[in-house]
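Each residue of the sequence shown is one higher than the one before, starting from 6 at the first, in the working numbering. Where a beta carbon is used, it is the ideal one built from N, C-alpha and C, also for glycine. Keep in mind the model is a prediction, meaning the values are calculated, not measured.
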Amino acid sequence: MRTHSRPVLAANWKMNLGPVEASAFLDGFLSRYAPRDDRTVILFPSALVLSTVRDGTRPRPDIRLGVQNVSTEEKGAFTGENSAAQAAGAGASFVLVGHSERRHVFGETDAQVAQKCARVVEHGLVPVLCVGETIEQRERGETGEVVLHQLRAGVSMLDHRAIRDMIVAYEPVWAIGTGRTATPQDASDVHLVLRAALAGLVGEDARGIPILYGGSVNAKNAASLLAVHEVDGLLVGGASLDPVQWAEICES
Ligand code: PGA
6 MRTHSRPVLA ANWKMNLGPV EASAFLDGFL SRYAPRDDRT VILFPSALVL
56 STVRDGTRPR PDIRLGVQNV STEEKGAFTG ENSAAQAAGA GASFVLVGHS
106 ERRHVFGETD AQVAQKCARV VEHGLVPVLC VGETIEQRER GETGEVVLHQ
156 LRAGVSMLDH RAIRDMIVAY EPVWAIGTGR TATPQDASDV HLVLRAALAG
206 LVGEDARGIP ILYGGSVNAK NAASLLAVHE VDGLLVGGAS LDPVQWAEIC
256 ES
C-alpha cells in the first residue's frame, strides 16, 4: 500500500550529547554520510543543542532538524518549557510528540499529545506522532486497540492536510532501549493497522504518510526492518549517538 518510497531515518538523541559532543558527532557523521536524495535524515538533539547542530549542518541542507518535545501552550509563564514557535525560530522542522518516555515517565496524556500536535502544525512544523503498547498491553492482546487509540487521539485536533503531511512512529514500549526489537512481522502487523486507520481519516492520502519503526534499532537490524514493505523509516535512540553506527544506519 506504501507509495512513500523515500525512507526517513530519524535520530532521537534523548537527553544525551551536549554542544561539544554534538559537534564531534557531526564531524564523524557528515564525513561518513554523503547527501543522498533517496532518503531523509532527521536529527532530534536536545533543544539546548539545536543551534549547535543547526550551525554544524549549515553546509548540509539534506540533514533536517527537529526537537523532542514542545509545550502545549503558546507562550508565557511556563518555566522550563519550550514552545513550538521557539522550536520553529531555532531551526526545527519536525517535533517528536507523544514519545513513550513523555507518556510513561512524565505522564503526558492523550489530550496533551493532541494539543501539542496542534501547536506544532500551527507553527508550520511537522509532528512525528509516536505510538506504542507496553509489554502488558501486548500480552493482553491489546496492541491494535492501544495504538489506534493513541493515533486517533493524537490527530484529533488536526485537519486533513495536517494529517496528510505528518509522520507516525510505531515504537513498542517493550522494545525501547531494551535490546529487544520487534520482529519484522510484528512491525508489519502494527504498521498495517495504523495505515488502515490513517486511510479511514484521510483516504488515499494515507499512502504518503511515513510510518517509522522504533525500538532497539541498530546497524545490524536496520536493513531487515527497512525491508519490511510497510516500514517507511526508522526512529533510532541509542544507536544514533554513535556517528559511525548512525552513518551505517543512514546507508541501510
Ligand atoms: P532506542 O530508542 O533505539 O534506544 O530503543 C528509540 C526511541 O526511543 O525513539
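Any idea if residue i is buried or exposed, counting beta-carbon neighbours within 10 angstroms, 16 or more meaning buried?
i         : result
residue 8 : Any reading at residue 8 needs caution, since the residue's pLDDT is 45, under 50, leaving its predicted position unreliable; the model's value is listed next. Exposed, since its Cβ has fewer than 16 Cβ neighbours within 10 Å.
Please indicate yes or no: does the CB of residue i lie closer than 8 Å to some heavy atom of ligand 1?
i           : result
residue 139 : no
residue 213 : no
residue 225 : no
residue 182 : yes
residue 192 : no
residue 19  : yes
residue 26  : no
Cα separation between residue i and residue j?
i           : j           : result
residue 146 : residue 218 : 19 Å
residue 82  : residue 76  : 11 Å
residue 90  : residue 128 : 6 Å
residue 88  : residue 122 : 12 Å
residue 52  : residue 72  : 6 Å
residue 5   : residue 96  : Absent from the model: residue 5. The displayed extent of the chain is 6 to 257, so no value can be given.
residue 230 : residue 212 : 19 Å
residue 224 : residue 59  : 25 Å
residue 6   : residue 235 : At residue 6 the pLDDT is 39, less than 50, meaning the model places this residue with poor confidence; the figure from the coordinates comes in the next sentence. Straight-line Cα distance between these residues: approximately 8 Å.
residue 158 : residue 151 : 11 Å
residue 204 : residue 210 : 7 Å
residue 37  : residue 249 : 7 Å
Which partner residues of residue i appear in the DSSP bridge assignment?
i           : result
residue 175 : 136 and 218
residue 69  : 47
residue 17  : 49
Out of the options, which one is the CA nearest neighbour of residue i?
i          : options             : result
residue 1  : 46, 39, 247 and 25  : Given a span of 6 to 257 for the chain in the structure shown, any question on residue 1 remains unanswerable.
residue 94 : 17, 104, 158 and 70 : 70
residue 50 : 66, 256 and 27      : 27
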